[in-house]
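Chemist: The structure is given below, and queries will be raised subsequently.
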Amino acid sequence: MVERNPIRLAWTRISEIGMRASNQDAVGEAQHGDISCFIIADGAGGHEGGEVAAKIVVESMLEKFASVPAFGAHALLSYTAHAIASVAKNKQIHAENHDMSATVAALLVDQANAHALWAHLGDTRIYLFRDTKLVSATRDHSLTQQLIDAGYARADQLRIHPQRNILFAAVGAEGETPVALGDGPVQLLDGDALLVCSDGLWEWVHEDEMERTLAEAGNSEQWLTAMCALAEAALEGSDRVRDNFSAYAIRVEREVV
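Each residue of the sequence shown is one higher than the one before, counting from 1 in UniProt numbering.
Take a look at the structure:
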């Protein structure tokens with residue numbers, strides 16, 4: 001008999017305009033049985049194209065999840081493939097959207113078996129924390145990350161490099177870069193935390209600050225509020241423009257059975 005280790009998720013979310021004229025981030029979540037799905041997309045391209053692309057990505061993935069709810073790499077990649085096809089179809093129909101694209105970060109959690117699996121394209125990130133310490137983070141599909149990997153830039157330049165916003169992969173601009181699937185499924189433990197967020201949050205909050213606020217927070221809402229406060233404080237005195245920012249802050253709790 002297979003032993004099950006059910007968990008429950010306590011989570012909160014935010015999606016704000018930042019200092020932009022419109023919010024080109026989109027967020028969405030759904031649950032079917034014991035499987036939860038969380039998605040964030042960050043759009044780009046044209047006056048309204050980014051907003052359209054992000055919305056299509058989230059809605060199409062949730063649509064596919066609703067029609068074929070499952071946990072696993074094949075299912076998750078099928079959801080992202082549906083989003084890629086949906087964005088491409090919209091471009092064919094609406095010529096004004098030909099430049100639109102969107103990053104995506106998608107998280108699946110099997111609460112019955114305490115497993116998580118994620119995928120991403122672009123620089124919207126997924127972090128996993130254990131015992132309030134960072135143990136895993138997605139790697140951006142960005143020019144700056146490539147420069148760091150090649151030794152042409154320092155790791156501490158990731159958030160301030162002048163080319164930090166140049167991406168080489170996104171939904172609608174995939175090129176030869178496939179959707180990155182995280183190592184997994186990952187076994188989740190009581191007390192683990194997950195953060196899914198667009199660059200409008202992580203650019204302003206460093207990983208050590210994520211850890212500290214997580215250790216001090218009593219719940220997911222307090223954690224996200226504290227990170228947002230740090231981002232606002234970092235913005236003061238800066239001449240940089242803050243992008244839209246969206247996030248899911250998720251705490252894992254053992255289900256009593």
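Note that beta-carbon positions come from the ideal geometry of N, C-alpha and C, so glycine has one too.
Remember, predicted model here, so these are calculated numbers, not experimental data.
Please state whether the Cβ-Cβ distance between Leu201 and Phe129 is less than 8 Å.
Modeler: No, the Cβ-Cβ distance between Leu201 and Phe129 is not below 8 Å.
Chemist: Can you tell me which residues form a DSSP beta bridge with Phe245?
Modeler: Paired residue(s): Glu16.
Chemist: Which of helix, strand or coil does DSSP assign to Leu226?
Modeler: It should be pointed out that residue 226 corresponds to Ala in this sequence rather than to Leu. In the structure shown, Ala226 sits in a helix (DSSP, three-state: H, G or I).
Chemist: As an exercise, report each continuous beta strand (DSSP E) stretch of at least 3 residues that is fully enclosed by the region 78–114, in chain order.
Modeler: Listed in chain order, they are 101–110.
Chemist: Should Lys89 go down as buried or exposed, given a rule of 16 or more other Cβ atoms within 10 Å for buried?
Modeler: By the neighbour-count rule (16 or more Cβ atoms within 10 Å), Lys89 is not buried but exposed.
Chemist: Which class does Phe65 belong to by DSSP, given the choice of helix, strand or coil?
Modeler: Helix, per DSSP.
Chemist: Can you check which of these residues, Asp123, Val52, Ala150 and Thr132, is closest to Ser138 by C-alpha distance?
Modeler: One detail in the question is off: residue 138 reads as Thr in this sequence, not Ser. Nearest of Asp123, Val52, Ala150 and Thr132 to Thr138, Cα basis: Asp123.
Chemist: To the nearest angstrom, how far is the alpha carbon of Arg164 from that of Ser136?
Modeler: About 21 Å.
Chemist: How many angstroms separate the CA atom of His120 from the CA atom of Ser220?
Modeler: Each residue's alpha carbon lies about 22 Å from the other.
Chemist: Looking only at its chain, what residues have a beta carbon closer than 6 Å to the beta carbon of Met1, apart from the 5 residues adjacent to it on each side?
Modeler: For Met1, the pLDDT reaches just 37, beneath the cut-off of 50, and the residue's location in the model is therefore unreliable, although a value from the coordinates is still provided. Excluding positions up to five away in sequence, the list is empty.
Chemist: Taking buried to mean at least 16 other C-beta atoms within 10 Å of its own C-beta, is Lys133 buried or exposed?
Modeler: Exposed, since its Cβ has fewer than 16 Cβ neighbours within 10 Å.
Chemist: Measure the alpha-carbon distance for Gln111 versus Ser36 and round it to whole angstroms.
Modeler: Roughly 8 Å separates the two Cα atoms.
Chemist: Are any of the Cβ atoms in chain D nearer than 8 Å to that of Leu181?
Modeler: Looking for chain D here will not work: only one protein chain is present.
Chemist: Report all residues from its chain with a CB closer than 7 Å to the CB of Ala249; omit the five preceding and five following residues, and keep chain order.
Modeler: Answer for Ala249: Trp11, Thr12, Leu195, Ser220, Trp223 and Leu224, listed in chain order.
Chemist: Give the C-beta separation of Gly28 and Leu62 to the nearest angstrom, bearing in mind that I take them to be a contact with Cβ-Cβ under 8 Å.
Modeler: Gly28 to Leu62, Cβ: 5 Å. Contact.
Chemist: Would you decide whether Gln145 is buried or exposed? Buried here means 16 or more other CB atoms lie within 10 Å of its CB.
Modeler: Gln145 should be labelled buried.
Chemist: Just the C-alpha distance for Cys197 and Asp25, rounded to the nearest angstrom, thanks.
Modeler: Computed Cα separation, rounded: 10 Å.
Chemist: Relative to the alpha-carbon of Trp118, which residue among Ala226, His74 and Gln157 has its alpha-carbon at the smallest distance?
Modeler: Closest option to Trp118, Cα to Cα, is His74.
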